[in-house]
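Step one of this worksheet: look at the structure below.
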Ligand SMILES: Cc1ncc(COP(=O)(O)O)c(C=O)c1O
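Residue numbers (my numbering): 808 to 1283.
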């Protein structure tokens, strides 16, 4: 197959060149009705619909099928799909295709919320696996093989393992060991590889979960490849998960009017990565190394290195080395026109560009602007860290949806009815259906006293937590 081909994008370009008159949806009529908006014009020219020659995402047999085949060929998958609702929809579809009500499934505790939403939809019974914690970076990583083995001993009826690889910060772990272990017991491994769409065998970059033998892998092409927001890939290589079921759930969950600009950008992003050469990789490596070296001259930040050098070179985490928190530094960077991916109490995360040889990127300008901040190095303000240290835990199935607000100090022994995620490190302290322990209460109070930020738990500031007031009888 010729990875320089872009069947879908080319079909859209050719369609536009015919100067077509639109008597069909969408209502902007090839951009005619929004002529005044110069910003949008270019993109609206290819914002088409399922016209002759442009195929149909839900029953592909033309240019979309060709484009998806090129994608599967590039990643060595049996079948690959374009997704127009991000990795979110891929995670939902892969879990709905694999799990049935009551099935036991191992879930990495620090997973994305789409995995928890999929749990709700499938009604599978999760066994939560605690990730490893990196004390220098102060973030959670992947699940240890030992944790998986221990969980399997307790729950040999496990029907699937759902993992996140790499984490937000680009850290990887022994995924191959876990996949080999799981396959010995015919357990499929489903991987949320939202941050690894560029892991395609480039030297110096981690291997993709696809290459490591995972059964289903979902990647946000829009995060690290040049695809439009919401564009993702899903790859299948499995004897255990039905491809037809995945295709079915993608049809159920995705719009019947998928965006052609997003799909065309996926076609271009696939070409970009599939034709990436070793000299492109060498060039990117050199540019990133020199940027990192320049950042290291700024005393107010510390550039973090991956433990054992194992991680994604496109992610760069810097830690505050001054009196400002990560959030405050982020604000100062923004005043200089530099927008980072994320900030937290100690760190700021940058997502760097995957450059092709000789491509320009304003690294020098970033350094000049940051030097202009003139911040002095100083002792940093350490934040209280507390995270859920449970290695293996389960959730209650809660039949009654009746909820009540409880004072936090009285909540030990109750079953939590909301996700409480101190951020960072982003490991849920409590999830809906999780029994609250005295240790959880203590940890929560400690975090609140230290001014920690949370995702979820909107009543925590008033000292209240939402709990379920009725439980099903047959819980373990
Ligand atoms: C680990 C992880 N999984 C899934 C998602 C959702 O991806 P998308 O935005 O492509 O739907 C994200 C988004 O940030 C994520 O970080």
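The C-beta atom is built at its ideal place from N, Cα and C for all residues, glycine as well.
Rounded to whole angstroms, what's the CA-CA distance from residue 1280 to residue 1262? Just pull it up for me. For residue 1280, the predicted structure reports a pLDDT of 44, less than 50, and the residue's modelled location is therefore unreliable. The matter cannot be settled from this model.
What are the start and end residues of each continuous alpha helix (DSSP H) run of 4 or more residues lying completely inside the region 923-997, in chain order? 952-961, 982-991
Count the other CB atoms within 10 Å of the CB of residue 1208; is the residue buried (16 or more) or exposed (fewer)? Residue 1208 is exposed by the Cβ-count criterion.
Under 8 Å between the Cβ atoms of residue 1150 and residue 1131? Residue 1150 is not a Cβ neighbour of residue 1131, given a cutoff of 8 Å.
Please state the DSSP three-state secondary structure of residue 1215. helix
Once you ignore the five residues that flank residue 840 on each side, which residues in its own chain have a CB closer than 8 Å to its CB? 834
What would DSSP say about residue 1183, mapped onto helix, strand or coil? coil
I need the DSSP call for residue 1159, collapsed to helix, strand or coil. DSSP places residue 1159 in coil when its eight states are reduced to three.
Three-state secondary structure (DSSP) of residue 1229: Shown here, residue 1229 sits in a strand according to DSSP, grouped into three states.
What does residue 1149 pair with, by DSSP beta-bridge criteria? 1156
For residue 1012, the three-state DSSP class (helix, strand or coil): coil
Report the three-state DSSP secondary structure of residue 823 (helix, strand or coil). helix
Once DSSP output is grouped into helix, strand and coil, what is the label at residue 813? coil
So, is residue 1283 buried or exposed, given that buried needs 16 or more other C-beta atoms within 10 angstroms? In this prediction, residue 1283 scores a pLDDT of 46, lower than 50, which makes its location untrustworthy; the coordinate-derived value is nonetheless stated afterwards. The residue is exposed, with fewer than 16 neighbouring Cβ atoms inside 10 Å.
Residue closest to residue 1074, alpha-carbon to alpha-carbon, out of 1254, 858, 877, 843: 877
Are the CB atoms of residue 966 and residue 1022 within a distance shorter than 8 Å? no
In this structure, does DSSP put residue 1099 in helix, strand or coil? helix
Where does residue 896 land, buried or exposed, given buried means 16+ other C-beta within 10 angstroms? buried
Would you check if the distance between the CB atom of residue 924 and the CB atom of residue 938 is smaller than 8 Å? no
Helix, strand or coil for residue 1205? Go by DSSP, reduced to three states. coil
When you measure from the CB of residue 1150 to every non-hydrogen atom of ligand 1, does any distance come out below 7 Å? no
Does DSSP classify residue 836 as helix, strand or coil? Under the three-state reduction of DSSP output, residue 836 falls in the coil class, being neither helix nor strand.
Determine, using beta carbons only, whether residue 1082 and residue 880 come nearer to each other than 8 Å. no
Below 8 Å, how does it come out for the region 1002-1022 and the region 967-985: are there three or more Cβ pairs, yes or no? Cβ pair count under 8 Å is three or more, so yes.
Within a Cβ cutoff of 8 Å, which residues of the same chain sit near residue 831, ignoring the five residues on either side of it in sequence? 856, 858
Inter-residue Cα distance where the pair is residue 1114 and residue 821: If you take the alpha carbons of residue 1114 and residue 821, they lie about 49 Å apart.
Beta carbon of residue 1020 nearer than 8 Å to that of residue 986: yes
Who are the Cβ neighbours of residue 1122 in its own chain at under 6 Å, not counting the five residues just before and after it? 976, 977
Per DSSP, the bridge partner or partners of residue 999: 971, 1025
Taking the alpha-carbon positions, what's the residue 1071 to residue 1199 distance? 42 Å
Could you tell me the boundaries of the beta strand (DSSP E) in which residue 859 lies? Taken as a continuous stretch (DSSP letters only), residue 859 belongs to no beta strand (DSSP E), as it is neither H nor E.
So, helix, strand or coil for residue 1072, using DSSP? helix
Figure out for me which residue from 1143, 996, 1158, 1166 has the closest Cα to the Cα of residue 1176. 1143
May I have the straight-line CA-CA distance separating residue 1062 from residue 995, to the nearest angstrom? So the alpha carbons of these two residues sit roughly 28 Å apart.
Output needed for residue 901: all residues of its chain with C-beta closer than 6 Å, excluding positions within five of it in sequence on either side, in chain order. 997, 1023
Three-state secondary structure (DSSP) at residue 1280? Bear in mind that a pLDDT of 44 at residue 1280, under 50, signals an unreliable position, so the number given afterwards is only what the model happens to contain. Residue state, collapsed to three classes: coil.
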